[in-house]
Amino acid sequence: MSIEINNESAIEVDEAAIQRLAVYALDAMHVHLDAELAIVLVDEGAMEQLHVQWMDEPGPTDVLSFPMDELRPGTEDHPTPPGLLGDIVLCPQVAEAQAKTAGHTLTDELLLLTAHGILHLLGFDHAEPAEEKEMFGIQRDILVGFAMQERRR
Numbered sequence: 290m291s292i293e294i295n296n297e298s299a300i301e302v303d304e305a306a307i308q309r310l311a312v313y314a315l316d317a318m319h320v321h322l323d324a325e326l327a328i329v330l331v332d333e334g335a336m337e338q339l340h341v342q343w344m345d346e347p348g349p350t351d352v353l354s355f356p357m358d359e360l361r362p363g364t365e366d367h368p369t370p371p372g373l374l375g376d377i378v379l380c381p382q383v384a385e386a387q388a389k390t391a392g393h394t395l396t397d398e399l400l401l402l403t404a405h406g407i408l409h410l411l412g413f414d415h416a417e418p419a420e421e422k423e424m425f426g427i428q429r430d431i432l433v434g435f436a437m438q439e440r441r442r
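With the first letter of the sequence shown counted as 1, position 131 gets the number 420 in our numbering; the numbers rise by one all the way through.
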């Protein structure tokens with residue numbers, strides 16, 4: 290898998306952990322090994338511009354996902370075709386505030402947001418209650434599985 294991480298924000302983040310989570314999540318969703326994903330971390334000003342431009346909503350947000358080839362989850366026997374999964378944009382400043390409110394670390398929040406963004410790239414949404422239940426259940430399973438894997442490292 291090709292996962293490129295570019296931190297354009299002023300906040301130092303654990304890029305290696307984000308990379309490991311992305312690999313874990315893509316593997317769990319049976320995404321082809323030749324899929325490509327870009328993760329960019331930006332400051333609040335850049336995130337606000339993207340939020341206004343693409344979502345027509347004011348202020349910065351925590352994560353935005355920009356799917357490219359509209360890949361969907363595969364199965365063990367039939368992974369997704371190779372292709373461009375898309376881009377995830379994270380805002381560490383917004384994530385840091387959310388992490389404090391939730392009582393966990395910035396890294397934990399960024400891992401949650403990365404998993405969330407990957408699921409959006411794979412076509413999941415949470416606009417309707419049933420969609421939210423499915424997406425957040427998969428997100429939780431990814432985060433729990435990843436945490437267990439990290440403990441074994």
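The beta-carbon is built from N, C-alpha and C at its ideal position, and this holds for glycine as well. Predicted model only: the values in this text are computed from it and were never measured.
Helix, strand or coil at residue i [DSSP, three-state]
| i | result |
| --- | --- |
| residue 375 | strand |
| residue 398 | helix |
| residue 356 | strand |
| residue 327 | strand |
Beta-carbon spacing of residue i, residue j below 9 angstroms
| i | j | result |
| --- | --- | --- |
| residue 292 | residue 327 | yes |
| residue 300 | residue 417 | no |
| residue 312 | residue 378 | no |
| residue 295 | residue 302 | no |
| residue 356 | residue 426 | no |
| residue 399 | residue 307 | yes |
| residue 404 | residue 428 | yes |
Outcome for residue i when other beta-carbon atoms lying within 10 angstroms are tallied against a minimum of 16
| i | result |
| --- | --- |
| residue 347 | exposed |
| residue 322 | exposed |
| residue 424 | buried |
| residue 341 | exposed |
| residue 324 | buried |
Whole-number beta carbon distance between residue j and residue i, since they are thought to touch under 8 angstroms
| i | j | result |
| --- | --- | --- |
| residue 387 | residue 414 | That belief does not hold up - the Cβ atoms of residue 387 and residue 414 are roughly 20 angstroms apart, past 8 angstroms. |
Three Cβ pairs or more, each shorter than 8 angstroms: is that satisfied between the stretch 313-322 and the stretch 431-439? Contact between the stretch 313-322 and the stretch 431-439 is present: 3 or more CB-CB pairs across the two stretches fall below 8 angstroms.
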